[in-house]
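Remarks on the structure that follows.
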Amino acid sequence: MILSPSLLSADCGRLAETLQELEAAGVEWVHWDVMDGHFVPNMTFGQHVIKGLRGASGLFFDVHLMIEQPERYLADFKAAGADMLVVHAEATVHLQRTLAEIRRLGMKSGVALNPATPLSVLDYVLDDVDMVLIMSVNPGFGGQKFLPATFRKVAELRAKLDAAGRSDCLIQIDGGVNVENTGELVRAGADVLVSGSAFFGFPPFKERLAAFMAAAEQN
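Straight run, no breaks: the sequence shown in the working numbering ends on number 1327.
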C-alpha cells in the first residue's frame, strides 16, 4: 500500500517544511488537490504553488485535478513538476485524448470517478490509464465522511482490471480514509490511499505512517 497524504489538510503556511518532514518520515507520495471553484465548490492549490514547492521535495507529486476542462492545463502542470495527473471523467469531454496527452507529456495518467459515476465509463480508456481514483466522498472539501459503498466499487474495479489484463493499474481511494478503514480497502483491492485530516491531525508523521501501514497489513 502507498499512502499519499493530502496537503489540503496540512498547514499551508509551512508547506515547504511539511514536504521535507514527510520525506524524512518515510512517505513516498504526496497528494495535491487542485480545485477551481467550478467543478467543485472550493478553490485550492494551482500550478504556481506546485512549481514553487517542487524544488523543496523529492516526493512523488500525485496531482488531482478537480477542475473543468483539465486538458487546458496539462502542459502547465507538467512544467510545474507533477509526476502524475489525475483528471475527472466527469470534467472532460474527450477523456481518452486527455489521458493520452498526459502520457505523451511524460507523466503518469489517472482518471477519477465521483461516487455516483459507474465503472463503465472506463471501458474504452483502460489502456490509457496508470491509476483509477475512486472518490469515497463527493469532491470539494476535506474532512467528509467515508461512503461505505466504496468497498464494493473498489472490489468490482479490481475484478474489472484483472479481467482486462490490467492488474498493473493502480487503484487509489480519496475521501474519509483513516486507519480504521484502511485494512478493508486494501483487502478490496486498493493500492494507494489518500488521507488528509486523519493523517495530518495525528503527528508525528513517522508514527502515523506506521499506523496506516500496519492497518494495511492486517488480514
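Just so it is clear, CB atoms sit at the ideal spot from N, CA and C, and this is done for glycine as well. Since the structure is predicted, the reported quantities are computational estimates derived from the model, not experimental observations.
- A Cβ-Cβ distance of about 6 Å is found for the pair H1139 and P1113, placing them in contact under the 8 Å criterion.
- The beta strand (DSSP E) runs of length 3 or more contained entirely in the stretch 1114-1191 are, from start to end of the chain, 1137-1143 and 1168-1174.
- In the DSSP assignment, D1282 falls within the beta strand (DSSP E) that extends over L1278 to D1282.
- Excluding the 5 residues flanking it on each side, V1237 has same chain C-beta neighbours closer than 7 Å at L1207, S1217, G1218, V1219 and C1277, in chain order.
- Inter-segment contact for the stretch 1256-1263 and the stretch 1293-1306 is present: three or more beta-carbon pairs are separated by less than 8 Å.
- Taking C-beta atoms as the reference points, V1142 and M1174 count as a pair closer than 8 Å.
- The continuous stretches of alpha helix (DSSP H) do not include S1275, and DSSP gives it neither H nor E.
- For V1201, the secondary structure class from DSSP, reduced to helix, strand or coil, is coil.
- Membership of K1216 in the beta strand (DSSP E) is indicated by the continuous run K1216 to L1221.
- Taking C-beta atoms as the reference points, G1291 and Q1326 count as a pair closer than 8 Å.
- Within the same chain, Cβ atoms closer than 7 Å to the Cβ of L1317 are found at L1111, A1133, G1134 and V1135, the five residues on either side in sequence being excluded.
- V1302 is bridged by DSSP to S1112 and D1282.
- Of the residues assessed, D1231 falls on the exposed side of the cut-off, its CB having fewer than 16 other CB atoms within 10 angstroms.
- Annotation for V1294: the continuous alpha helix (DSSP H) segment containing it runs V1287 to A1296.
- Scanning its chain for C-beta atoms nearer than 7 Å, with the 5 sequence neighbours on each side dropped, one finds around A1124 the residues L1161 and A1164, in chain order.
- No residue range can be given for L1213, since it is assigned to no alpha helix (DSSP H) and is classified by DSSP as neither H nor E.
- One thing to note: M1243 has its Cβ within 8 Å of the Cβ of L1221.
- Close CB contacts of F1308 within its chain, under the 7 Å cut and outside five residues either way in sequence, are with P1113, S1117 and A1118 (chain order).
- Boundaries of the alpha helix (DSSP H) harbouring L1317: F1313 to A1324, taken from the DSSP string.
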